[in-house]
Amino acid sequence: MKKRKMYIRMIMASLLRRRSRMIIALLAISIGAMILSGLVTIYYDVPRQMGQQFRSYGANMILTSEGDSITQEQVEATKKLIPDDKLVGVAAYRYQTVRINDRPVMAAAADLEQVRKTSPFWLVEGEWPSKEGELMAGKNIARTYNLKAGKRTTCTFAPEAETEAQPGETEEILPDNWADFTVSGILDTGGKEEDYVYMLIPDMEKLTGMPTEYDVCELSVSANSAELSQIAEQIDQQVEGVTARLVKRVTESEDTVLTKLQSLVLLVTIVVLALTMICVATTMTAVVAERRREIGLRKALGASNGSIIAEFMGEGVVLGAFGGLLGAILGFAFAQVVSRNVFNSSIRLMPWLIPVTILASVVVTGIACLIPIRSATQVDPALVLKGE
Amino acid sequence: MSLLELKNVSKIYGSLHALDHVNLTVEKGEWLAIMGPSGSGKSTMMNIIGALDKATEGEILLDGEDISKKNARALTDIRRDKIGLIFQQFHLVSYLTAVENVMLAQYYHSVPDEKEALEALERVGLSDRAHHYPSQLSGGEQQRVCVARALINYPEIILADEPTGNLDEANEEIVVELFRKLHLEGTTLVVVTHNPEVAEVAQRTVVLRNGRVDREMINENFTGKIKHITLQ
């Protein structure tokens with residue numbers, strides 16, 4: 003039998019046949035590895051998770067025209083520059099003054115499905131407009147015109163309304179510049195959005211009789227401020243006639259919160275590593291203490307200090323590797339539970355984290371074993387074999 | 209040349225002279241018993257001869273080599289290469305089987321050889337218990353595993369410290385019989401014992417008292433066989 007085979011046989015026998023003590027050591031290591039692996043997963047996934055959370059606070063990039071308006075082609079060209087997995091929503095708005103009850107009201111037309119994505123914080127009493135002929139009224143407009151969900155109203159398009167009629171003149175309203183709408187819902191945001199009515203783009207086209215071009219385009223992109231700046235730069239360079247700018251209020255807040263959160267996770271990870279090391283060192287010290295007689299016997303049989311170190315370190319490495327593997331698996335489950343409870347979304351498995359956790363676990367266990375192993379080499383065989 | 213020679217060996221702990229200028233020789237192939245009351249220095253002498261401890265003064269020549277000045281690493285090499293140890297409390301590794309315990313001595317000495325280890329167990333009559341753990345063996349069987357472990361590397365000398373101290377009469381006989389066989393094969397044996405019956409079967413007995421050699425007895429009728437005294 004090769005020495006190495008006997009070495010492995012001894013280590014495995016020690017681990018498998020002294021189960022109770024080794025299970026405690028394995029638990030200590032795997033719990034440490036689990037928290038380490040889980041926290042590192044969260045650390046790396048936090049920007050993605052928080053990015054999605056921050057998207058609920060509204061658009062973080064605004065596209066404006068360098069000329070009069072933004073075309074659909076420019077919107078499409080902009081979308082192509084943003085990776086699909088980062089693009090949360092693109093809502094291009096056209097604003098037009100219309101009249102309700104003969105009084106001017108600002109109407110916004112947009113793809114309202116996209117608006118729901120870029121402005122998920124909007125609270126709608128009733129329903130969002132889902133088909134042509136439906137509109138959503140801002141809370142202030144609804145109060146002024148006594149609009150309620152389900153109620154019908156008529157909008158007229160009167161460009162003349164922007165200029166006051168001269169005395170003696172009468173306003174001319176063309177018959178095809180009016181449309182009936184059903185109020186599907188009332189918008190409550192607490193902001194200026196409550197002063198608008200919202201309709202679908204085809205309704206606006208019908209009402210104004212003009213092809214749609216947009217005044218502004220809001221983008222919600224799941225990225226940090228550096229990535230956003232890079233995307234904005236690309237848009238400026240590659241999409242002619244538009245300018246992209248970041249909503250700094252949002253992006254800077256995101257960066258601050260993310261940095262603080264990641265620092266916190268990093269700090270906790272370091273503390274967990276230290277605690278794991280102390281826990282493993284304590285367990286291994288207990289293992290050495292209860293095996294002093296065995297160590298004395300081995301030394302009496304001619305084991306060198308190197309052999310004793312190799313045997314205990316071997317046990318530590320095997321424990322570290324198994325604990326690390328177990329911890330990596332449990333850590334992913336732990337991160338998943340945290341993510342579902344805190345962020346309400348699933349976490350992505352990072353395969354590279356499994357070998358890294360095992361390696362970290364082996365290194366931590368190895369370091370933790372150093373002091374107990376040193377005390378193992380100092381065992382005096384003559385004393386311990388006499389039972390002292 | 210003697211296999212083992214102690215010249216004026218002393219071991220002093222503070223004011224206590226555990227060994228006090230002891231002189232002793234053991235010839236190659238000799239079976240020596242060391243007796244004495246508790247505290248007489250038997251175990252101290254055993255530890256010094258067994259390279260488990262160092263003498264405070266004096267010379268210890270093992271196979272012509274003075275081991276008294278050797279450092280810990282050199283003493284480890286000597287234990288591994290030249291000495292076979294048998295203890296009163298057996299000292300087997302609890303999670304290794306009988307054959308693995310024997311192979312442990314081979315592992316530190318050279319290369320583990322399961323076949324050879326099994327043969328050693330066969331020599332002590334334990335071939336059928338080779339794959340049992342110490343907890344599954346009786347005291348006598350455990351001590352026989354220790355004997356197999358002690359002889360597996362063909363040491364220059366086997367040192368046994370109270371080898372029958374924890375055994376019943378039947379197992380005591382088995383172990384002494386094993387010593388007799390080893391002696392016949394030319395193995396040098398030094399056996400520390402409290403038991404006069406075990407000492408009497410040796411070729412020579414040295415009695416220690418207060419750390420000194422009190423007297424020496426040669427067994428004129430040496431047979432190596434134990435004779436139990438029946439108390440009336």
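For the record, the sequence lines run as chains L and G. Each residue of the first sequence is one higher than the last, beginning at 3 in the numbering used here. Each residue of the second sequence is one higher than the last, beginning at 209 in the numbering used here. Note that CB positions come from ideal geometry on N, CA and C, so glycine has one too.
Burial state of residue i (16 or more Cβ within 10 Å)
i	result
residue 106(L)	exposed
residue 220(L)	buried
residue 279(G)	exposed
residue 419(L)	Since the displayed chain L opens at 3 and closes at 390, residue 419(L) lies outside it and no answer follows.
residue 336(G)	exposed
residue 299(G)	buried
residue 230(L)	buried
residue 391(G)	buried
residue 436(L)	No answer is possible for residue 436(L): it lies beyond the span of chain L, which begins at 3 and ends at 390.
residue 182(L)	exposed
residue 393(L)	For residue 393(L) there is no data in the structure shown, the boundaries of chain L being 3 and 390.
residue 57(L)	buried
residue 103(L)	exposed
residue 396(G)	buried
residue 394(G)	exposed
residue 277(G)	exposed
residue 291(G)	buried
7 angstroms Cβ shell around residue i - same chain, five flanking residues per side excluded
i	result
residue 59(L)	123, 252
residue 324(L)	28
residue 307(G)	322, 325, 326, 329, 338, 339
residue 164(L)	With a pLDDT of only 49 at residue 164(L), under 50, the local geometry of the prediction cannot be trusted, and the value read off the model is given with reservation. Correct list, in chain order: 99.
residue 23(L)	289
residue 359(L)	35, 38, 39, 326, 329, 330, 333
residue 221(G)	none
8 angstroms CB neighbourhood of residue i in its chain, flanking five on each side removed
i	result
residue 151(L)	127, 128, 129, 185, 186, 187, 188
residue 307(L)	379
residue 63(L)	220, 221, 222, 223, 230, 233, 234, 246, 247, 248, 249
residue 214(L)	74, 96, 111, 203, 206, 207
residue 338(L)	348, 349
residue 361(L)	326
residue 440(G)	Reliability fails at residue 440(G), whose pLDDT of 37 lies under 50, so the model's placement of it is uncertain and the value that follows must be treated cautiously. Cβ neighbours of residue 440(G) beyond the five flanking positions: none.
First through last residue of the alpha helix (DSSP H) which encompasses residue i
i	result
residue 274(L)	250 to 292
residue 81(L)	74 to 82
residue 369(L)	355 to 379
residue 253(G)	250 to 257
Limits of the unbroken beta strand (DSSP E) element including residue i
i	result
residue 336(G)	Element bounds for residue 336(G): n/a, residue is neither H nor E.
residue 368(G)	365 to 369
residue 416(G)	412 to 417
residue 243(G)	239 to 243
residue 265(G)	265 to 270
residue 63(L)	63 to 67
residue 222(L)	218 to 223
residue 307(G)	From DSSP, residue 307(G) is part of no beta strand (DSSP E) but of the alpha helix (DSSP H) over 306 to 317.
Residue i in three-state terms, based on DSSP
i	result
residue 298(G)	coil
residue 198(L)	strand
residue 300(L)	helix
residue 175(L)	Only weak support exists for where residue 175(L) lies, its pLDDT of 49 falling under 50; the coordinates are left without a value.
residue 305(L)	coil
residue 314(L)	helix
residue 47(L)	helix
residue 247(L)	strand
residue 190(L)	strand
residue 7(L)	helix
residue 212(L)	coil
residue 385(G)	helix
residue 430(G)	coil
residue 216(G)	strand
residue 183(G)	Past the edges of chain G, shown from 209 to 440, lies residue 183(G), and the structure says nothing about it.
residue 425(G)	strand
residue 229(G)	strand
residue 42(L)	helix
residue 20(L)	coil
residue 329(G)	helix
residue 235(G)	coil
residue 322(L)	helix
residue 164(G)	The structure shown does not extend to residue 164(G), since chain G spans only 209 to 440, so no value can be given for it.
residue 355(G)	helix
Neighbourhood of residue i by C-beta, 6 angstroms cutoff - its chain only, sequence neighbours within 5 removed
i	result
residue 428(G)	none
residue 37(L)	274
**Asked** What are the start and end residues of each continuous alpha helix (DSSP H) run of 4 or more residues lying completely inside the stretch 86 to 172 of chain L, in chain order?
**Response** 114 to 120, 141 to 147
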